[in-house]
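2 protein chains.
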Amino acid sequence: MTLHVLTGGAGFIASNLIHRLIDLGETVFVLDDLSRGRPDFWAPFQGRPRFRSAIVDCADLQAFRTALRDAVGDGDIAAVWHLAANSDIPAGIADPRIDLQRTFMTTFNTLVLMREFAIPTLHFASSSAIYGDHGETAIHEDIGPLEPISNYGAMKLASEAQIRAAVEAFLPKANVVRFPNVVGVPATHGVIVDFVDKLQATPHTLDVLGDGTQRKAYLHVEELVDAMLFIAAHAQGRYNVFNVGPPDQGVTVRAIAETVRDRVAPDAEIRYGTGGRGWVGDVPRFRYATDRLAALGWRPRHDSIGAVRRAVDQIAAQERGRG
Amino acid sequence: MTLHVLTGGAGFIASNLIHRLIDLGETVFVLDDLSRGRPDFWAPFQGRPRFRSAIVDCADLQAFRTALRDAVGDGDIAAVWHLAANSDIPAGIADPRIDLQRTFMTTFNTLVLMREFAIPTLHFASSSAIYGDHGETAIHEDIGPLEPISNYGAMKLASEAQIRAAVEAFLPKANVVRFPNVVGVPATHGVIVDFVDKLQATPHTLDVLGDGTQRKAYLHVEELVDAMLFIAAHAQGRYNVFNVGPPDQGVTVRAIAETVRDRVAPDAEIRYGTGGRGWVGDVPRFRYATDRLAALGWRPRHDSIGAVRRAVDQIAAQERGRG
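Chains as they are written, first to last, in the working numbering: chain A, 524 to 846; chain B, 524 to 846.
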C-alpha cells in the first residue's frame, strides 16, 4: 500500500485535494492539529477504505513521526503534500511564534521525516507572500528581491529555502507551488467569507477595511488543485517552482464587495475605510506572470473575477446553510 | 549609557568589530555561547570599562532576555550587531537542527528582544550563501531566484525574510550585509587555516579537497568591518541590503593552496582531488556585483588575491604561535 500524506489535512485546500486524490485511486493519510482546520471537512471521507486521518501537530516532531510510523505500516509513502501553515496572517504578525511553529517548523519537520522515511516527493504549498510588494510588475518565479512583509510570507520563504537545501542534500524531488489568493468552498476565512458574514449579520451596510483599491489575483480552489495535480504529473526537474494563478491584473476589493453585495444583500450600502492596505503585512496589489506553468501545459479556465463570482455563489450558499 | 550588543561576540569577525567600536568610543556588550567562538578573543578587552561580556546561547530566548536586561541596567541599547550563526556548513548539512538553532533561532530571538527592548537598529551578518549557484553571473543584491544549497544559506535567507517582515511591523531600521568569504585573524576555520594546519602537520604534501578550480571572492576581515561601520553611518533607508566584497572574479582554491605553500612549506607537493565542489552545499564559484555599496561610497582596497595574501601571512604567524 502506498500513501499520500497531507499535512494541514483539515483545511480548505486539503479538503478539495483529498477528494481528487481518492478519485484518482490513491490512498490518503491526512494530519491536522485542528487549530484552524475543521474536522467536519473529513466527514464525507470517514469510513472510506482509502482515507485515514490523525489529529497531530506537525510542529511536534515526535508526534508527527509516530503518526507516520503508525499509518505507513508495511507500506510506503509516495509523497507528502505539505499544506499545513498558519492561515491567519494578522495573528502571525502580532505573535511571530505562530508562523514560526505552524508555517515554518511544520516544513522543517516534514523534511526531517521525509529523510527518515525515504519519501521521494514533496509538494509544497507556497505563496505569493514570499515576493513582497512589487507594485504593478508582473511577478515571475525568478524575480528579485524577495522581501516578504509578513511573518507568514517570511516563513513560507524560509520553508522554500530549507526545501531547496534538502533537494541538494537528500530529497529526490520537490514541487513548490506558489498560490495566489484562493477562493471557493468549504471556505473558512478570507475576504469573501468576511463580507458574506458581515452582510448576513447587518444586511444594510458593509464596512470594508481600506479604501477598496487593493487589487489581487484570485484562483478558484478547484483550479488550484487541478494545477497541483498537473504539476505533480508533468514537472520534470528535481526542484520545480511554479506560480499558479490567472495572468490577469486581478480584481479590486471594491469589485469583490460589490459582487457579494449583489448576491447577498443588493440594497446594502458599502462603506470604505482609508488607505491602500487592509492591515500591516498585506500586500496591496500583485500580479502574477504564469508563463512557466502555461508552457508546461496548464492554464486556468476562469479569470480572477470569474473565480470570485463562482466562490461568492458557493460561499453565500454555505454560510446560509450554517447561519 | 548606550550599548552596542554583539551576538556571536567571541567569533572571528566580532573580535575585529569589538576593537573598532571601542576605538570609536562605544560601549559593547558581547554574547556568545562559545560553541565555536573562543573566549581568548575577549582577553585583550577584559577589564576595560567599555567592554562587557556574557556566555549565553542566543537561541535560548529566556537566557538571552535575562542577559540583555542585566546588561542594559538604566541605559539603553543603540543597536544589535547580529553575528551569531553556525559557521560549520558541512555540520549543518549533516544535522539541520544546527543551522535552525544557531543561524535562524538566534535571529528570531534577536528580533523578539529588539521589539521588547525597543532597540532601533539591527546590523545583520548575512551571506553570499543565500544566493545559491549563479555560475559566472555577477550577483547583484536584487537577483533571483534565491536558491540556497546549504542549510546555512537557507537559514540566513530565512533570517533576512524575518528581518524584512519585522521592519514592516515594528523595527525602525535594519542593515543586511551579505558577506563573501572572509579571511584574516584571529582565524578559527576556513580554507587558509586548513591548509596552514595541514602543512604544519605534514610539510611535504598538501591534500586539497576537490580539483582546486572552485573560484570565490575573498574579503579581508579588516575591510569587512570597515564596510559594516560605513554602512551603519551612511545607509539611509529603513531596510538596506548590501553585498560586501571585491568586484573581481575571485581566486581559485588552487591559487590559495599555492600561496599557502609558498609561505609555509615551499617544497611541498600539492595533490588535488576531483570534482568542482569541495562538499555538498558548497557553491563552487561566485562573483559579486558591488555597485550598490560603491555608489554609497565604499570600495575595498584589496582584491581577492590581495586579501588572501595578507591573511595567509597573518594566519601562518598565528598558527606558528599556537603550534
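For glycine and all other residues, C-beta sits at the position ideal for the given N, C-alpha and C.
Just so we're clear, the structure is a prediction, and the values are computed from it rather than from any experiment.
{"Query": "With the cut-off set at 9 Å, would you say His712 (chain A) and Asp611 (chain A) are in Cβ contact?", "Result": "yes"}
{"Query": "Starting from the C-beta of Ala660 (chain A), find all residues in its chain whose C-beta is less than 8 Å away, skip the five residues before and the five after it, and write them out in chain order.", "Result": "Residue identity differs from the one stated: residue 660 (chain A) is Thr in this sequence, not Ala. Taken in chain order, the residues that qualify are Ile666, Arg810."}
{"Query": "Heavy atom of the ligand GTP less than 8 Å from the Cβ of His605 (chain B), yes or no?", "Result": "Questions concerning the ligand GTP fall outside what the structure shown contains, since it holds no ligand whatsoever."}
{"Query": "By the DSSP assignment, the beta strand (DSSP E) with Asp555 (chain A) in it spans what residues?", "Result": "550-555"}
{"Query": "Return helix, strand or coil for Tyr675 (chain A), following the three-state DSSP convention.", "Result": "helix"}
{"Query": "Trp604 (chain A) by DSSP, collapsed to three states: which one?", "Result": "strand"}
{"Query": "Mind pulling the chain B residues with CB within less than 8 Å of Leu819 (chain A)?", "Result": "The contacting residues do not exist; Leu819 (chain A) stays about 17 Å from chain B at best."}
{"Query": "Any beta-carbon of chain B closer than 9 Å to the one on Met678 (chain A)?", "Result": "yes"}
{"Query": "How is Thr525 (chain A) classed by DSSP in three states: helix, strand or coil?", "Result": "strand"}
{"Query": "Taking the C-alpha atoms as reference points, what is the distance between Val705 (chain A) and Pro769 (chain B)?", "Result": "45 Å"}
{"Query": "Would a C-beta distance cut-off of 9 Å place Thr536 (chain A) and Arg571 (chain A) closer than the cut-off?", "Result": "Thr is not the amino acid found at residue 536 (chain A); the sequence shown has Ile there. No; because the gap between Cβ atoms is not below 9 Å, this pair is not in contact."}
{"Query": "Should the stretch 670-690 of chain A be called in touch with the stretch 601-620 of chain A, which here means at least 3 C-beta pairs below 8 Å?", "Result": "yes"}
{"Query": "Compile a chain-ordered list of the residues in the stretch 666-700 of chain B whose CB is closer than 7 Å to at least one CB of chain A.", "Result": "Ile666, Gly667, Pro668, Leu669, Glu670, Pro671, Ile672, Ser673, Asn674, Gly676, Ala677, Leu680, Ala681, Ala684, Gln685, Arg687, Ala688, Glu691, Ala692"}
{"Query": "By the DSSP assignment, the beta strand (DSSP E) with Thr728 (chain B) in it spans what residues?", "Result": "728-731"}
{"Query": "Please report the distance separating the alpha-carbon of Gly707 (chain B) from that of Val831 (chain B).", "Result": "8 Å"}
{"Query": "Three-state secondary structure (DSSP) at Leu742 (chain B)?", "Result": "strand"}
{"Query": "Within the 9 Å Cβ cut-off, does Pro769 (chain B) reach chain A?", "Result": "no"}
{"Query": "Quick check on the DSSP output: the alpha helix (DSSP H) that includes Ala648 (chain B) runs from which residue to which?", "Result": "Run containing Ala648 (chain B): none in the alpha helix (DSSP H); it sits in the beta strand (DSSP E), 644-650."}
{"Query": "Could you tell me the distance, in whole angstroms, from the CA atom of Asp785 (chain A) to the CA atom of Val700 (chain A)?", "Result": "33 Å"}
{"Query": "Taking the alpha-carbon of Phe647 (chain A) as reference, which of A:Gln737, A:Leu529, A:Met524, A:Ala724 has the nearest alpha-carbon?", "Result": "A:Leu529"}
{"Query": "Assess, as a yes-or-no matter, whether the stretch 716-727 of chain A is touched by the stretch 787-797 of chain A under the definition of 3 or more beta carbon pairs within less than 8 Å.", "Result": "yes"}
{"Query": "What separation, rounded to the nearest whole angstrom, lies between the Cα atoms of Asp771 (chain A) and Asn698 (chain A)?", "Result": "24 Å"}
{"Query": "Could you work out which residue in A:Ser827, A:Met637, A:Asp749 is closest to Leu540 (chain A) when comparing CA atoms only?", "Result": "A:Asp749"}
{"Query": "State the Cα-Cα distance for the pair Pro522 (chain A) and Thr550 (chain A), rounded to the nearest angstrom.", "Result": "The structure shown does not extend to residue 522 (chain A), since chain A is modelled only from 524 to 846, so the question has no answer here."}
{"Query": "Report, in whole angstroms, the separation of the C-beta atoms of Thr629 (chain A) and Ala607 (chain A), which I expect to be a contact under 8 Å.", "Result": "4 Å"}
{"Query": "Please give the ranges of any beta strand (DSSP E) in the stretch 689-735 of chain B, keeping only runs that are unbroken, at least 3 residues long and fully inside the region.", "Result": "696-702, 704-706, 728-731"}
{"Query": "Ile578 (chain A) bridges to which residues according to DSSP?", "Result": "A:Asp555"}
{"Query": "What separation, rounded to the nearest whole angstrom, lies between the Cα atoms of Val714 (chain B) and Val803 (chain B)?", "Result": "16 Å"}
{"Query": "What would DSSP say about Thr782 (chain B), mapped onto helix, strand or coil?", "Result": "helix"}
{"Query": "Just to confirm, is the Cβ distance from Thr872 (chain B) to Asn766 (chain B) under 9 Å?", "Result": "The first residue shown for chain B is 524 and the last is 846, placing residue 872 (chain B) beyond what the model contains."}
{"Query": "Alpha carbons only, please: which of B:Arg625, B:Thr525, B:Leu547, B:Phe568 is nearest the one belonging to Arg559 (chain B)?", "Result": "B:Arg625"}
{"Query": "Return helix, strand or coil for Asp665 (chain B), following the three-state DSSP convention.", "Result": "coil"}
{"Query": "Please state whether DSSP places Phe809 (chain B) in a helix, a strand or coil.", "Result": "coil"}
{"Query": "I'd like the span of the alpha helix (DSSP H) that includes Glu842 (chain A), first residue to last.", "Result": "827-845"}
{"Query": "Residues in the stretch 563-574 of chain B with C-beta within 8 Å of chain A's C-beta atoms, listed in sequence order?", "Result": "none"}
{"Query": "Quick check: what's the CA-CA separation for Glu746 (chain B) versus Gly798 (chain A)?", "Result": "44 Å"}
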